[in-house]
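Residue numbers (numbering that gives the first Met the number 0): 0 to 167. What follows is a short report on a single structure.
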Amino acid sequence: MSRMKATLELDGHVHEVQLEQDASGRWTAEVDGHVYRLHVDRSGPGAVVSVDGTVHVFDHLDEDAARIDGTDTPYRLLALQGVAGAEDAAASQYGPVRPPMTGKLEAVLVEAGQEVAAGDVLFVLEAMKMRNEVKAPADGVVVAVHVEAGSAVDTGTTVLDLEPVEGA
């Protein structure tokens, strides 16, 4: 059984979401006290998500927006628990940078010694047939890159280390 809990802001409203996968692989989502059965089809670009039998098309646009049924919807992930390697929003912005999910490291866009600005793309992860850009959480310098493009990674893999710029 797998569980994770997230707090997210969607269209200006904060929601508590708990996802749970049972032993047979079926998912449920509890959102603000209401429980929904989920089925996800990732066989094409994006995902087709059935929520209690109602189908929605979901495309991840970036860290701040998703396209749901053709409408761009802003969101913010405020907290995440129950995912190995995930850190709470209040956690340090420096140190090891890990992928948010298991996948294949499609590209590493930085190298050791390179300075980056908050929001710069550090690496691209292909997971669940979707490209996920992992961005720098703060201005800093990449002190080491531990994994090469093409490698399989999981949430415990340190892809690179990010430290504050000396003297900043």
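Every residue gets a Cβ at the ideal spot worked out from N, C-alpha and C, and that includes glycine. Note that the structure is predicted; figures quoted are calculated from it, not measured.
CA-to-CA distance, residue j to residue i, given in whole angstroms
i      : j      : result
Pro99  : Thr154 : 6 Å
Leu159 : Leu76  : 22 Å
Asp87  : Met3   : Unreliable positioning characterises Asp87 in this predicted model, as indicated by a pLDDT of 42, which lies under 50. The coordinate reading is nonetheless provided below. Answer to the nearest angstrom: the Cα atoms are 12 Å apart.
Glu147 : Glu162 : 20 Å
Ala85  : Ser150 : Its pLDDT being 48, under 50, Ala85 is placed unreliably in this model, and the coordinates cannot settle the point.
Arg66  : Gly32  : 24 Å
Val39  : Ala46  : 7 Å
Ser1   : Asp21  : 7 Å
Ala5   : Tyr35  : 15 Å
Val144 : Arg97  : 11 Å
Asp63  : Tyr93  : 21 Å
Glu19  : Arg25  : 8 Å
Thr70  : Glu132 : 21 Å
Gly11  : Val107 : 33 Å
Val152 : Leu121 : 15 Å
Ser23  : Asp119 : 39 Å
Ala83  : Asp68  : Because Ala83 sits at a pLDDT of 49, beneath the cut-off of 50, its placement in the model cannot be relied upon, and the point is left open.
Residue i and residue j closer than 7 Å at C-beta
i     : j      : result
Val16 : Val30  : yes
His14 : Met129 : no
Residue i versus the options, residue with shortest Cα-Cα distance
i      : options                   : result
Pro73  : Leu9, Val144, Val13       : Leu9
Ser42  : Gly32, Leu121, Phe57      : Phe57
Val164 : Ala117, Val39, His59      : Ala117
Ala135 : Pro95, Thr27, Val13       : Pro95
Thr27  : His12, Leu7, Gly11, Gly52 : Gly52
Beta-carbon separation (whole angstroms), residue i vs residue j, contact threshold 8 Å
i     : j     : result
Val48 : Leu37 : 7 Å
Would you call the stretch 124 to 142 and the stretch 97 to 115 touching, i.e. three or more CB-CB distances under 8 Å?
yes
When you compare the stretch 104 to 114 with the stretch 137 to 152, are there three or more beta-carbon pairs, one atom per stretch, that lie closer than 8 Å?
yes
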